[in-house]
Every structure is written in structure tokens, then in C-alpha cells.
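Undergrad:
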Amino acid sequence: MSEVNIKPLADRVLVEAAPAEEKTASGIIIPDTAKEKPQKGQVVAVGPGKVDEPLTVKVGDEVLYGKYAGTEITVEGKEYLIMRESDIFAIV
Amino acid sequence: MSEVNIKPLADRVLVEAAPAEEKTASGIIIPDTAKEKPQKGQVVAVGPGKVDEPLTVKVGDEVLYGKYAGTEITVEGKEYLIMRESDIFAIV
Amino acid sequence: MSEVNIKPLADRVLVEAAPAEEKTASGIIIPDTAKEKPQKGQVVAVGPGKVDEPLTVKVGDEVLYGKYAGTEITVEGKEYLIMRESDIFAIV
Amino acid sequence: MSEVNIKPLADRVLVEAAPAEEKTASGIIIPDTAKEKPQKGQVVAVGPGKVDEPLTVKVGDEVLYGKYAGTEITVEGKEYLIMRESDIFAIV
Amino acid sequence: MSEVNIKPLADRVLVEAAPAEEKTASGIIIPDTAKEKPQKGQVVAVGPGKVDEPLTVKVGDEVLYGKYAGTEITVEGKEYLIMRESDIFAIV
Amino acid sequence: MSEVNIKPLADRVLVEAAPAEEKTASGIIIPDTAKEKPQKGQVVAVGPGKVDEPLTVKVGDEVLYGKYAGTEITVEGKEYLIMRESDIFAIV
Amino acid sequence: MSEVNIKPLADRVLVEAAPAEEKTASGIIIPDTAKEKPQKGQVVAVGPGKVDEPLTVKVGDEVLYGKYAGTEITVEGKEYLIMRESDIFAIV
Chain A
1 MSEVNIKPLA DRVLVEAAPA EEKTASGIII PDTAKEKPQK GQVVAVGPGK
51 VDEPLTVKVG DEVLYGKYAG TEITVEGKEY LIMRESDIFA IV
Chain B
1 MSEVNIKPLA DRVLVEAAPA EEKTASGIII PDTAKEKPQK GQVVAVGPGK
51 VDEPLTVKVG DEVLYGKYAG TEITVEGKEY LIMRESDIFA IV
Chain C
1 MSEVNIKPLA DRVLVEAAPA EEKTASGIII PDTAKEKPQK GQVVAVGPGK
51 VDEPLTVKVG DEVLYGKYAG TEITVEGKEY LIMRESDIFA IV
Chain D
1 MSEVNIKPLA DRVLVEAAPA EEKTASGIII PDTAKEKPQK GQVVAVGPGK
51 VDEPLTVKVG DEVLYGKYAG TEITVEGKEY LIMRESDIFA IV
Chain E
1 MSEVNIKPLA DRVLVEAAPA EEKTASGIII PDTAKEKPQK GQVVAVGPGK
51 VDEPLTVKVG DEVLYGKYAG TEITVEGKEY LIMRESDIFA IV
Chain F
1 MSEVNIKPLA DRVLVEAAPA EEKTASGIII PDTAKEKPQK GQVVAVGPGK
51 VDEPLTVKVG DEVLYGKYAG TEITVEGKEY LIMRESDIFA IV
Chain G
1 MSEVNIKPLA DRVLVEAAPA EEKTASGIII PDTAKEKPQK GQVVAVGPGK
51 VDEPLTVKVG DEVLYGKYAG TEITVEGKEY LIMRESDIFA IV
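Protein chains in written order, with my numbering: chain A, 1 to 92; chain B, 1 to 92; chain C, 1 to 92; chain D, 1 to 92; chain E, 1 to 92; chain F, 1 to 92; chain G, 1 to 92.
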């Protein structure tokens with residue numbers, strides 16, 4: 001897990017998306033253009049939550065989220081997704 | 001029922017869709033392309049609910065839901081639907 | 001009235017639509033394609049209501065609802081409509 | 001005023017629309033196709049209101065409402081409008 | 001000011017629109033088709049307000065409102081506008 | 001600042017827009033058609049605010065607002081903008 | 001950081017956008033038309049917050065925000081972005 005120096009506001013969560021699958025289940029290498037956008041990632045920073053609603057996810061959690069969840073931002077040259085906790089479906 | 005290692009957040013519910021019908025009521029085999037998307041499934045994991053609103057459905061319940069309810073996610077190589085409890089119509 | 005083994009969630013109501021009129025007021029038989037979708041039906045199952053808002057309609061009530069109210073679902077081979085109580089206009 | 005055996009739910013009101021004007025102010029007979037949809041009617045049944053919000057209109061009140069207010073429903077062979085009280089502008 | 005026998009509901013206000021200007025500031029007569037819809041009028045009836053929110057405008061007040069505020073209704077052969085108080089910008 | 005005899009309702013504010021710039025920063029005269037709509041003005045009247053939410057801006061304040069904020073109204077032959085306080089970004 | 005004489009209202013924040021990158025990571029100079037709109041800036045003024053919700057960001061904070069966040073305004077000849085605090089993702 002990367003360490004980033006960033007403090008999300010309110011109920012926002014910074015997620016490092018898992019790398020897209022390189023091979024199919026049967027071992028065939030997937031070309032870049034056919035790679036599916038991952039919907040799984042690891043939490044690298046969390047906000048303090050809203051008033052009386054602390055966040056459930058913690059730094060280090062593996063999470064599942066929607067295909068179009070969050071906004072891509074670049075922090076220290078690396079791409080992350082920043083999303084609201086409500087965009088996260090589940091912890092795996 | 002499958003066992004999955006996943007913790008849905010808040011009021012989310014993980015559902016394993018029932019397999020689409022293979023035959024019509026009169027016994028004719030339905031080809032894959034004509035199979036209707038099922039609207040029935042079994043709950044395999046539930047979130048803790050929202051503050052002061054615990055969930056009603058439990059793991060193992062057979063549920064009915066809308067045609068376009070939820071988002072498909074793949075957990076351990078298997079497809080599930082993850083939806084909010086409010087997308088579930090009824091327990092059968 | 002049909003008996004069905006189904007527990008609607010929250011403020012949902014399961015309705016068995018009345019059969020469409022077979023004849024006009026003056027006795028002319030209406031062909032299938034000209035039959036109007038009925039807006040009347042009988043309640044066959046009701047949810048527990050929301051917190052502090054029990055439902056008003058009861059199983060057995062004849063109800064009127066909007067033309068596009070509810071979602072069609074098939075329970076035990078029979079078609080029903082499942083709708084929120086707020087989609088129901090009146091009890092007749 | 002017609003008597004109808006119908007119990008509107010919550011804040012709904014059943015209104016019998018006034019017949020469209022047959023003549024212009026100067027006495028010319030208006031053909032059916034040019035008749036304006038009336039925006040006036042008489043309340044024939046009212047719901048119990050919402051929690052802590054009893055309704056203001058009473059059965060028998062002459063009311064004004066918007067051109068597109070309510071839904072047409074047929075009760076005992078007669079056409080009525082069913083609308084929320086908030087669709088009613090004023091009592092005349 | 002006209003007297004009308006009408007009781008607006010809740011936060012509704014009945015307004016008699018000021019007649020459109022007949023002349024430009026420099027005295028040129030404006031033909032009917034070029035007359036601007038007035039945005040000014042006089043309050044002729046007010047509702048009781050909502051629970052805990054009595055209305056601010058009173059019968060007789062000259063008010064300014066948006067170009068598309070309210071609905072035209074005819075009461076006793078005369079045209080009025082009925083609008084919510086929140087559609088009124090100011091008292092002049 | 002103009003004095004106007006007008007009482008805005010609730011959280012509304014009457015603003016006299018600053019005249020559009022006549023020259024560019026480098027002194028070139030801007031023709032009328034190229035003048036930008038100003039986003040700055042002076043408050044000339046304020047409403048009493050909503051219940052428990054008095055307004056922050058005061059008569060005389062120079063304010064910045066969005067390009068499409070408010071509605072143009074003419075009071076005593078002069079054009080003003082009337083807007084909700086929430087359309088105002090800042091006091092300068 | 002620039003000093004500006006401006007008081008944002010409520011939960012608004014005035015941000016001075018960071019200059020767009022002049023070079024790519026590998027040192028190639030980026031022409032003006034290819035420069036990406038920055039999503040990073042420095043807070044130069046903050047509002048008092050809403051009732052019971054003081055703001056989290058402070059003057060001087062480096063913040064990340066969405067690509068389309070805020071409205072451009074010119075204060076003392078310089079361009080800024082004014083946005084609601086909820087448009088800010090994180091403090092870096």
C-alpha cells in the first residue's frame with residue numbers, strides 16, 4: 001500500500017485501484033485496450049466523516065465500488081480515486 | 001447457498017441471482033438468448049444497516065427485486081448483485 | 001382472492017389486478033388488444049410499513065391505483081403488481 | 001353532488017369536475033372540441049390526511065385546481081379526478 | 001382592488017396583475033401584441049399559511065413576482081394569478 | 001447608491017448591478033455588444049431572512065454573484081436584480 | 001499566496017488555482033492549448049460556514065477539487081475560483 005500525504009474531507013475516501021487483470025481466468029493475456037476498469041481497490045486515506053457519522057472503512061481495507069464511482073486525482077505523480085464512502089459497496 | 005467473505009456497507013445486500021429458467025412452463029427448452037433475467041435470488045451477505053435502521057432481510061432469505069436493481073460484482077470468480085435493501089420488494 | 005406466500009418489505013403492497021373489462025357498458029365484446037389496463041385490484045399482501053408509519057390498506061381491500069403504478073412480478077406462476085402504498089389512491 | 005363509496009388514502013381528494021361551459025359569456029354555444037377543460041369542481045371524498053396534517057378541504061367544497069392536476073379515475077361508471085390536496089389552489 | 005370570494009389554501013396568494021403599460025416612458029402607445037406581461041400586481045386574497053409559517057403578504061399589498069409565476073385562474077369572470085408566496089419577490 | 005422603496009421577502013436581496021466595464025485594462029474602449037454582464041453589484045434592499053436565519057449581507061454591501069443569478073426587475077424605472085442570498089458568493 | 005479583501009458567504013471558499021504544468025514529467029514543454037486545467041489550488045479566503053457547521057479548510061491550505069468545481073470570479077484583476085467547501089475533495 002502506498003503512503004500518501006493527503007487528508008480527505010468529510011466522508012471522502014482515497015482509494016488506490018487494484019491493477020486491471022493481466023490474464024483471463026484461463027491464462028490468456030489481455031491486451032491493454034481490452035482490460036476492464038477494476039472495481040476493486042485499497043483504501044489509502046479516509047476523511048473524518050460527517051457530524052455524528054464516522055466512516056466505516058479504514059485505511060488498508062480492500063473495497064468494492066461501482067464502475068463509475070469517484071473522481072480520478074493525481075497525488076505525487078500517482079493516480080488515485082477519491083469517492084464518498086456511500087460509493088463503496090462492500091469490504092472484502 | 002454460497003459462502004462469501006464480503007461485508008456489505010450500510011444498507012447494502014449481496015444477492016446471488018437464481019439461475020434463469022431453462023424451460024417454459026410447458027417444457028420447451030429456452031435458448032440462452034431468450035432467457036429472462038431473473039428477479040429472484042438468495043441473500044448471501046447483508047450490511048449492518050443505517051443508524052437506527054437495521055436491515056429486515058437476513059442471509060438465506062429468498063428475495064424478489066426489480067429488473068434493473070443492483071450492480072453486478074464478481075467476488076471470488078462468481079457473479080453477484082449488490083443492491084440497497086430498498087431495491088428489494090419482498091421475501092418469498 | 002389468491003393466497004400467496006410472500007412478505008412485502010416496508011411500505012410495499014402486493015396487488016392482484018382486476019381482470020380487464022370484457023365488454024363495453026353497452027355490451028360489445030372488447031378485443032384483447034383494445035382492453036384497457038385495469039387500475040383496480042385487490043390487496044393480497046402488505047408490508048409491515050415504515051418506522052412509525054403502519055400501512056392503511058389491509059389484505060382483501062379493493063384499491064384504485066395509477067395507470068403506471070407498481071412493478072409486475074410473477075409469484076407461483078401468477079402475475080401480480082407490487083407497489084408502494086403511496087401509489088394507491090383510494091380504497092373502494 | 002354525487003355520493004360515492006370510496007375512501008381516498010392520506011392527503012388525497014376525490015373531485016367531481018364541474019361540467020365545461022356550454023356557452024361563452026356572450027351566449028354563443030361552444031362546440032365540444034372547443035370546450036376548455038374545467039379547473040373547478042366539487043369535493044366528493046377526502047382522505048384522513050397525513051400524520052399531524054389533517055386536510056383543509058371538506059366534502060362539498062367547491063375547489064379550484066391546476067389544469068393538469070390529478071388523475072382521472074372511473075368510480076361506479078362516472079369520471080372523477082383524484083388529486084393531492086396540495087394540487088388544490090383555493091376554495092371558492 | 002377587487003373583492004373576491006375565494007379562500008386560497010396553505011401558502012397560496014391570489015394576485016390581480018397590474019394592467020400592462022399602455023405607453024412607453026416617452027409616451028408612445030404600445031400595441032397589444034408588444035405589451036409586456038406585467039410582473040406586478042395586488043394581493044386580493046391570501047391563504048392561512050403553512051403550519052408555523054404564517055404568510056408575510058397581506059391583502060392590498062402591491063407585489064413583484066417572476067415572469068412565469070403562478071397559474072391563471074378565472075374567478076367570477078375576471079382573470080387572476082394564483083401563486084405560492086415563495087413566488088413573490090418583494091412588496092413595493 | 002439608489003434609495004428604493006421596496007421590501008424583499010424572506011431571504012431575497014435587491015442588488016444594483018455595477019455598470020459594465022467601459023474600457024479594457026489597457027484602456028481600449030469596449031463596444032456595448034462586447035461588454036460582459038457584470039457579476040458585481042451593490043445591495044440596495046434585503047429581506048428579513050428566513051425563520052432563525054437572518055441574512056448576512058446588509059444594504060450598501062458590494063457583492064459578487066453568479067453570471068445567471070437573480071431575476072431582473074424594474075423598480076421606479078430602474079433595473080435591479082433580485083436574488084436569494086444563497087446566490088451571492090461573497091462580500092468585497 | 002495572494003491577499004484579497006473578500007469575505008465569502010456561508011460555506012464558500014475562495015481558491016487560487018495552481019498554475020497549469022509547464023512541462024511533462026519527462027521535461028517536454030506543454031503548449032498552452034494542451035495544458036490541463038489544474039485541480040489543485042490554495043485557499044485564499046473562507047466563509048464563516050453554515051449554522052453549526054464551521055468549515056474545515058483554512059486560508060493557506062493546499063486543496064484538491066473536481067475539474068468543474070466552482071465559478072471563476074475576478075477580484076482586483078486576478079482570477080480565482082469560488083466554490084462550496086463540499087466541492088473540495090481533500091487537503092494535501
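All residues carry an ideal CB built from backbone N, CA and C; glycine is no exception.
1. Which partner residues of G41 (chain C) appear in the DSSP bridge assignment?
2. Pick helix, strand or coil for T71 (chain G), following the three-state DSSP scheme.
3. Kindly say whether Q42 (chain A), judged by its beta-carbon, lies nearer than 9 Å to any beta-carbon of chain B.
4. If you draw a straight line from the alpha carbon of I82 (chain G) to that of E16 (chain G), how long is it in whole angstroms?
5. With H, G and I counted as helix, E and B as strand and the rest as coil, what does DSSP make of E85 (chain D)?
6. For I91 (chain G), go through chain A and note every residue whose CB falls closer than 9 Å to its CB, in chain order.
7. Is K67 (chain C) close to chain D? Criterion is C-beta to C-beta, closer than 9 Å.
8. Report yes if the C-beta distance between L14 (chain E) and A90 (chain D) is below 9 Å; otherwise report no.
9. Please decide whether L55 (chain C) counts as near chain B, where near means a Cβ-Cβ distance under 9 Å.
10. Determine the direct distance from the alpha carbon of Y80 (chain E) to that of D87 (chain C), and round the result to whole angstroms.
11. From L7 (chain G) to T56 (chain F), what does the alpha carbon distance come to, in whole angstroms?
12. Relative to the C-alpha of T74 (chain E), which candidate in D:V4, D:E21, D:E3, D:L9 has its C-alpha closest?
13. Measuring only the C-alpha atoms, how far is V59 (chain A) from G47 (chain A)?
14. Using beta-carbon positions only, say whether G70 (chain C) and T71 (chain D) come within less than 9 Å of one another.
15. Who pairs with E22 (chain C) in a beta bridge, going by DSSP?
16. Where does E3 (chain E) land, buried or exposed, given buried means 16+ other C-beta within 10 angstroms?
17. Taking C-alpha atoms, which residue in F:I30, F:R12, F:Q39, F:T33 lies nearest to Y68 (chain F)?
18. Does the CB of L14 (chain G) have a neighbour CB from chain A at under 9 Å?
19. By a C-beta neighbour count over all protein chains shown, 10 Å radius and 16 as the cutoff for buried, is V51 (chain A) buried or exposed?
20. State yes or no: is the beta carbon of V75 (chain B) nearer than 9 Å to at least one beta carbon in chain A?
21. Going by beta carbon distance, what residues of the same chain come within less than 6 Å of G49 (chain F), once the five residues before and after it are set aside?
22. Indicate whether at least one CB of chain D lies closer than 9 Å to the CB of I30 (chain C).
23. Measuring alpha carbon to alpha carbon, tell me which residue in B:K78, B:E53, B:Q42 is nearest D61 (chain B).
24. With which residues is G46 (chain B) paired in a DSSP beta bridge?
TA: Based on what the coordinates show:
1. G41 (chain C) pairs with C:A17, C:V63.
2. DSSP places T71 (chain G) within a strand segment (E or B) once states are collapsed to three.
3. No, its Cβ sits nowhere closer than 9 Å to a Cβ of chain B.
4. For I82 (chain G) and E16 (chain G), the distance between alpha carbons rounds to 9 Å.
5. Three-state result, E85 (chain D): helix.
6. In chain order, I6, K7, P8, L9 make up the part of chain A whose C-beta sits under 9 Å from the C-beta of I91 (chain G).
7. Among the CB atoms of chain D, one or more fall inside 9 Å of the CB of K67 (chain C).
8. With contacts defined by Cβ atoms closer than 9 Å, L14 (chain E) and A90 (chain D) form a contacting pair.
9. At a cut-off of 9 Å between C-beta atoms, L55 (chain C) does not count as an interface residue with respect to chain B.
10. Approximately 33 Å between the Cα atoms of the pair.
11. The amino acid at residue 7 (chain G) is misidentified as Leu; the sequence shows Lys. Approximately 11 Å, taken between the alpha carbons.
12. Selected option, being the one with the closest Cα: D:E21.
13. Rounded to the nearest angstrom, the gap between the Cα atoms of V59 (chain A) and G47 (chain A) is 10 Å.
14. No, the Cβ-Cβ distance between G70 (chain C) and T71 (chain D) is not below 9 Å.
15. DSSP, once it has assigned bridges, lists no residue as partnering E22 (chain C).
16. Looking at its Cβ environment, which holds fewer than 16 other Cβ atoms inside 10 Å, E3 (chain E) is exposed.
17. Between Y68 (chain F) and the set F:I30, F:R12, F:Q39, F:T33, the nearest pair of CA atoms involves F:Q39.
18. So no, L14 (chain G) is outside the interface.
19. Burial call: exposed.
20. Cβ-Cβ to chain A under 9 Å: yes for V75 (chain B).
21. Answer for G49 (chain F): D11, L55, listed in chain order.
22. Look at I30 (chain C): its C-beta is not under 9 Å from any C-beta on chain D.
23. The alpha carbon of D61 (chain B) has as its nearest neighbour, out of B:K78, B:E53, B:Q42, the alpha carbon of B:Q42.
24. Checking the sequence shown, residue 46 (chain B) turns out to be Val, not Gly. Its beta-bridge partners are B:V13.
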